[in-house]
Each structure stands twice: as structure tokens, then as C-alpha cells.
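Numbering (the working numbering), first residue to last: 393 to 502. Everything below concerns the one structure shown next.
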């Protein structure tokens with residue numbers, strides 16, 4: 393076998409995770425095969441695995457819900473202001489992740 397890489401190759405692997413955690417393991421195993429120099433020899437930077445994006449969105453979404461509860465309960469003005477600023481930051485990040493997930497879904501449907 394030669395040490396050539398498949399420079400024209402690109403791959404997008406999506407492990408849905410959530411209630412199907414084995415799909416993340418499958419996507420990781422396929423990624424390992426694709427970047428293995430003795431097998432498919434894709435350059436690692438040209439193989440994207442997106443299960444982490446959904447996981448991060450889920451974590452941030454839960455954090456956002458908890459922060460909203462804290463703002464509703466908190467009576468101190470300074471703490472409430474700080475929590476509201478954190479909520480705005482998290483809302484921006486959630487919107488970004490949601491947009492990224494929508495782009496991926498659109499690309500997969502076309």
C-alpha cells in the first residue's frame with residue numbers, strides 16, 4: 393500500500409445519538425476507517441462527524457431552560473440582570489446551532 397491520501401474525498405457522517413447512541417459509535421467507526429491511511433485514506437480534516445452538534449444543542453437548550461427558571465425565581469436585581477444577559481448569549485448560540493442543524497437537514501434532503 394502507498395502513503396497516498398484521497399485528497400478529493402469528502403465525507404459527512406451523522407450519528408443521531410439521543411435514543412440511538414449506537415449510531416454515534418457507528419459514525420465514529422466509519423470515520424476511523426475513512427481516515428485510516430491503509431484503508432480509505434481520506435484527509436482527517438475532510439471528514440466531518442456531526443453527532444456532537446446535536447448533543448451540544450441539547451445541552452445548551454437544557455441550560456437555557458434552567459437559566460430561565462433561575463431568572464423567574466431570582467429577586468436580586470444585579471443577579472437577575474446577569475442571568476438575563478447569559479440568557480441572551482445562550483439564545484444566540486442556540487439560534488446558531490439550530491440554523492446549522494437546519495442547513496444539514498436541507499443538504500441531506502436535496
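C-beta atoms are modelled at their ideal positions from N, C-alpha and C, and glycine is treated no differently. Source: prediction; values computed, not measured.
### Message
In whole angstroms, give me the CA-to-CA distance for residue 393 and residue 431.
### Response
As a first step, residue 393 must be located in the chain shown, where it is residue number 1. As a first step, residue 431 must be located in the chain shown, where it is residue number 39. Because residue 393 sits at a pLDDT of 48, beneath the cut-off of 50, its placement in the model cannot be relied upon, and the following sentence gives the value as read from the coordinates. If you take the alpha carbons of residue 393 and residue 431, they lie about 9 angstroms apart.
#### Entry: Buried or exposed by the 16-neighbour rule on C-beta atoms within 10 Å, applied to residue 396
In the chain shown, the residue the question calls residue 396 occupies position 4. Exposed, since its Cβ has fewer than 16 Cβ neighbours within 10 Å.
### Task
For residue 440, decide whether its Cβ has a neighbour in chain D, counting only Cβ atoms nearer than 9 angstroms.
In the structure shown, chain D does not exist; there is a single protein chain.
### Task
Might you give, ordered along the chain, the residues of its own chain that have their beta carbon closer than 7 angstroms to the beta carbon of residue 422, omitting 5 neighbours on each side?
On the chain shown, residue 422 is found 30 positions in, with the first residue counted as 1. The answer, listed in chain order, is 405.
### Message
Just to confirm, is the Cβ distance from residue 416 to residue 443 under 9 angstroms?
### Response
Counting from one through the chain shown, the residue named residue 416 turns up at place 24. Counting from one through the chain shown, the residue named residue 443 turns up at place 51. Yes, the Cβ-Cβ distance between residue 416 and residue 443 is below 9 angstroms.
#### Entry: Backbone CA spacing between residue 504 and residue 469 [nearest angstrom]
Coverage of the chain is limited to positions 393 through 502, which leaves residue 504 absent and any answer about it impossible.
### Query
In terms of DSSP beta bridges, what is residue 403 paired with?
On the chain shown, residue 403 is found 11 positions in, with the first residue counted as 1. According to DSSP, which records beta bridges pairwise, residue 403 is partnered with 439.
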